[in-house]
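Notes for the one structure printed next.
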Amino acid sequence: MATIGIGIARRSEDAGGSPARVNIVALVILVASLAIGGLISMPSRNPIPLVVMAIVGVVLMQSPRIAQQWERAVILRLGRFIGLRGPGLFWLMPFVDRVSSWIDQRTITTSFAAEQTLTSDTVPVSVDAVLFWMVHDVQKAALEVQDYAAAVSWAAPTALRDTIGRTVASVEMRDVVIPDALQDAMSREAQAAREKAARIILGEAEKEIAHSFEEAAKSYQNNPTALHLRAMNMLYEGLKEKGALMLIPSSAVESMGMGV
249 MATIGIGIAR RSEDAGGSPA RVNIVALVIL VASLAIGGLI SMPSRNPIPL VVMAIVGVVL
309 MQSPRIAQQW ERAVILRLGR FIGLRGPGLF WLMPFVDRVS SWIDQRTITT SFAAEQTLTS
369 DTVPVSVDAV LFWMVHDVQK AALEVQDYAA AVSWAAPTAL RDTIGRTVAS VEMRDVVIPD
429 ALQDAMSREA QAAREKAARI ILGEAEKEIA HSFEEAAKSY QNNPTALHLR AMNMLYEGLK
489 EKGALMLIPS SAVESMGMGV
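Position one of the sequence shown corresponds to residue 249 (the working numbering), numbered consecutively onward.
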């Protein structure tokens with residue numbers, strides 16, 4: 249089975265020790281809280297207001313979140329699903345709401361390693377494929393499947409020609425690897441087909457030549473002079489090459505009137 253890595257599902261960033269996303273709005277809230285605390289503490293030189301406002305700023309900076317254009321955030325309030333947020337800026341109730349996952353809705357490309365399978369005519373072939381898929385229903389992907397990316401990667405190798413629910417946009421063949429034995433058989437079959445075609449062409453040429461000779465024989469039958477000239481021409485063509493030697497039957501020489 250092909251091993252496929254898809255790093256597109258980012259799990260909870262607010263729980264389980266995972267670091268929360270830092271955004272500019274949260275930083276502004278923290279800086280503003282520290283500034284207010286500093287202004288209150290400076291006249292009295294009492295650090296307590298600064299500490300209190302720092303704590304308030306850290307708490308409030310957990311509220312703003314920013315989702316990218318292609319992302320949707322799954323929000324849970326005390327473990328209960330309350331909705332989806334994004335794209336853009338949205339707010340959470342600190343320590344009550346959390347983002348359970350960020351779902352990427354862009355088209356994802358997944359490549360499959362070569363796997364041997366049988367065609368409809370029981371020919372074993374190894375297939376390389378590319379899977380294009382995307383998440384249409386964010387709520388179902390997050391709440392009804394434990395790990396939807398892994399589910400797609402496991403289901404796709406068995407469904408190269410079929411769509412996987414509403415998650416797969418298309419499956420396309422990238423390469424087909426044919427076994428060596430089958431390649432040899434196909435090569436021999438192609439060579440035999442070429443030889444057969446060559447013999448058929450040669451036979452057709454022989455038929456055309458025989459037909460031409462038949463027509464020529466009819467012309468020479470009633471015209472001995474033309475036949476004599478043709479024989480002389482053939483003899484000349486054969487002897488005009490330097491060093492050529494031609495053996496001619498005595499009957500042919502006598503028929504051309506060249507004998508003694």
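Idealized CB from N, CA, C, for every residue including glycine. Note that this is a predicted model, so its numbers are computed, not measured.
Asked: On the premise that I356 lies in contact with W381, defined as a C-beta separation below 8 Å, what is that separation, rounded to the nearest angstrom?; Found: 6 Å
Asked: Using only the alpha-carbon positions, how far apart do A479 and H459 sit?; Found: 20 Å
Asked: If I follow the unbroken beta strand (DSSP E) through A321, where does it start and stop?; Found: 319–325
Asked: Quick one: what's got a C-beta closer than 7 Å to L326's C-beta in the same chain, skipping five residues either side?; Found: V344
Asked: Specify the secondary structure class of S348 as computed by DSSP and reduced to three states.; Found: strand
Asked: Got a sec? Which residues, its chain only, sit under 6 Å from N271 by beta carbon, not counting five neighbours each side?; Found: I314
Asked: Counting only the same chain and skipping the five closest in sequence on each side, list residues whose C-beta sits under 8 Å from that of R436.; Found: none
Asked: So for R328, helix, strand or coil by DSSP?; Found: strand
Asked: Does S359 come out as helix, strand or coil in the three-state DSSP assignment?; Found: strand
Asked: Once the 5 residues before and after K488 are set aside, which same chain residues still bring their CB inside 8 Å of it?; Found: none
Asked: State the DSSP-derived secondary structure class of F461, mapped to helix, strand or coil.; Found: helix
Asked: Determine, using beta carbons only, whether S349 and A390 come nearer to each other than 8 Å.; Found: yes
Asked: Which stretch, first to last residue, makes up the alpha helix (DSSP H) that contains P427?; Found: Element bounds for P427: n/a, residue is neither H nor E.
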